[in-house]
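Okay, so the sequence shown: first residue is 1096 according to this note's numbering, each after it adds one.
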Amino acid sequence: MKKILFFITALLLVGCVNPPQGLEKDEFTIQNLKDIEQDHYACQCKDVRLGGKVLSVTAQNEQTKIEVLSLQVSSFSAKPVLDSSTNGRFIAYLKGFVDPESLKDQYITVKGKLTGKEMGKVDQADYQYPVVSVQAFKQWRLEKEYYYEYDDWDDYPFGFGPRWRFMGRFWLAQPKVRYVLR
């Protein structure tokens, strides 16, 4: 019964999850680096929504250059999916000045136009970066969250079951840790 109520509640709350303004799903033709084809670079008309972990930030005169390790972006919330595997790197140019230390090693989702490609290096290897001219972006905070896995023994009539340990005068389950973006 608890599982059914949890499922129904989760299903209803999914409708409440909205991406940040400007990063809505419907506006974009490309939402993954794998979807970029060679003719898209020449067009410079493709709208993209990409995200991932910021690897490096360089402040330039009129703009800020960001190198991003691309991750899959959630279609509901527009957050990078932490458990997904990387599918390459891209460079994003933000208009104006953004302090490099505020973005370094953070997670980001960008909206913009695919404007071409730029050659660079990843360690010793040559790499062709897709370039995005950013119109809007959202920086995500990585937070640690503690949780308890559901256990069939939670409904055990005597209040404790296997995998529990005695701590002081209470029986406590071991919490688990997961990382989430907010």
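Glycine included, every Cβ here is placed at the ideal spot set by N, Cα and C.
With distances taken between CB atoms, is the gap from residue i to residue j smaller than 8 Å?
{"i": "VAL1143", "j": "GLY1207", "result": "yes"}
{"i": "PHE1171", "j": "VAL1227", "result": "no"}
{"i": "VAL1152", "j": "LYS1199", "result": "yes"}
{"i": "ALA1154", "j": "LYS1233", "result": "no"}
Exposed or buried, which one is residue i when buried takes at least 16 other CB atoms within 10 Å?
{"i": "LEU1150", "result": "exposed"}
{"i": "VAL1168", "result": "buried"}
{"i": "SER1165", "result": "buried"}
{"i": "ILE1203", "result": "buried"}
{"i": "GLY1205", "result": "Reading the sequence as shown, one finds Val at residue 1205 and not Gly. Per the 10 Å Cβ criterion, buried."}
{"i": "LYS1141", "result": "buried"}
{"i": "LEU1237", "result": "exposed"}
Mind checking who residue i pairs with in its DSSP beta bridge?
{"i": "GLU1238", "result": "VAL1275"}
{"i": "PHE1232", "result": "VAL1205"}
{"i": "TYR1222", "result": "GLY1215"}
{"i": "ILE1125", "result": "VAL1143"}
Taking one C-beta from the stretch 1157-1168 and one from the stretch 1176-1196 each time, how about it: are there three or more such pairs within less than 8 Å? Yes, since at least three Cβ pairs between the stretch 1157-1168 and the stretch 1176-1196 fall closer than 8 Å, the two stretches touch.
The stretch 1268-1277 / the stretch 1223-1241 touching (three or more Cβ pairs under 8 Å): Yes: at least three Cβ pairs fall under 8 Å.
Going along the chain, which unbroken runs of the alpha helix (DSSP H) with 4 or more residues stay wholly within the stretch 1139-1214? 1195-1198
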